[in-house]
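Working notes for the structure below.
In our numbering, the protein residues as written are 1196 to 1444.
Shown next as structure tokens:
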């Protein structure tokens, strides 16, 4: 479902992450960011595919609910203007004249329709083979009430971005194009924060983690992400996921 391009007002943050159903993502192959909406009739297959990617267990997987379909009669309960702004930022980075749902952005470098797992996995593999994979090691752990993040050596400069998400949610949609459906959503992002700058040298960061595990605050993705001249999100160099209750993930 296309949507006309507007001027970009990008928040300095971004994304990433994916928690497997029962496994750990120790060395993720890639970061998948799905832009979706409860009011989009073509999105449910992509939302289901995202759940399969989470279960696959080798990617950082995030879901961003946009707000531009809310006019169709149902206000997406997980949507935000910040998520929409992030997608418009990617449109600028990728040289696109507009945005659409369901869109899967891969490693901040490319995009595909979010419904096809084979294409998504093939794209992640191709990016890795051409030097556009996750080459900078990123790890995170809970130490008491704090989150400890470690980032390895590499080249360039990037922001350290934390995307907080809820692991799984069921939503009864009563209006709009998906009226009457109970939708299942995985790794829906509710807050994105830029917490530091990496300049190519190994570094450590400590963040407060008291809210992790409370009120559906189930986990976070740590993304090492570059940005464009206007602050728009761009290539992701490294990433990991931390789940509440786990020392490492």
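Every residue, glycine too, gets a C-beta built ideally from N, C-alpha and C.
Cα-Cα separation between residue i and residue j, rounded to whole angstroms
{"i": "residue 1437", "j": "residue 1226", "result": "14 Å"}
{"i": "residue 1228", "j": "residue 1258", "result": "6 Å"}
{"i": "residue 1324", "j": "residue 1302", "result": "13 Å"}
{"i": "residue 1329", "j": "residue 1253", "result": "12 Å"}
{"i": "residue 1292", "j": "residue 1425", "result": "16 Å"}
{"i": "residue 1349", "j": "residue 1419", "result": "11 Å"}
{"i": "residue 1387", "j": "residue 1357", "result": "6 Å"}
{"i": "residue 1239", "j": "residue 1393", "result": "37 Å"}
{"i": "residue 1377", "j": "residue 1408", "result": "24 Å"}
{"i": "residue 1331", "j": "residue 1417", "result": "12 Å"}
{"i": "residue 1237", "j": "residue 1310", "result": "9 Å"}
Chain-order list of residues whose beta-carbon lies under 8 Å from that of residue i (same chain, five-residue window excluded)
{"i": "residue 1269", "result": "1233, 1234, 1368, 1369, 1370, 1371, 1372, 1373 and 1374"}
{"i": "residue 1308", "result": "1241, 1297, 1298, 1299 and 1314"}
Cβ neighbours of residue i in the same chain (closer than 6 Å, five flanking residues each side left out)
{"i": "residue 1300", "result": "1228, 1285 and 1306"}
{"i": "residue 1421", "result": "1353, 1429 and 1430"}
Range of the contiguous alpha helix (DSSP H) that encloses residue i
{"i": "residue 1297", "result": "Counting along the chain, residue 1297 falls outside any alpha helix (DSSP H), and DSSP gives it neither H nor E."}
{"i": "residue 1222", "result": "Counting along the chain, residue 1222 falls outside any alpha helix (DSSP H), and DSSP gives it neither H nor E."}
{"i": "residue 1363", "result": "Unbroken run through residue 1363 is the beta strand (DSSP E), 1353-1367; no alpha helix (DSSP H)."}
Residue j beta carbon less than 7 Å from that of residue i
{"i": "residue 1414", "j": "residue 1333", "result": "no"}
{"i": "residue 1383", "j": "residue 1361", "result": "yes"}
{"i": "residue 1255", "j": "residue 1223", "result": "yes"}
{"i": "residue 1427", "j": "residue 1288", "result": "yes"}
{"i": "residue 1404", "j": "residue 1341", "result": "yes"}
Residue interval of the beta strand (DSSP E) (run including residue i)
{"i": "residue 1405", "result": "No beta strand (DSSP E) holds residue 1405; DSSP gives it neither H nor E."}
{"i": "residue 1259", "result": "1254-1260"}
One or two residues paired with residue i in a DSSP bridge
{"i": "residue 1428", "result": "1422"}
{"i": "residue 1518", "result": "Past the boundaries of the shown model lies residue 1518; the chain is included only from 1196 to 1444, so the question cannot be answered."}
Neighbourhood of residue i by C-beta distance below 7 Å, restricted to the same chain and skipping five residues each side
{"i": "residue 1345", "result": "1334 and 1399"}
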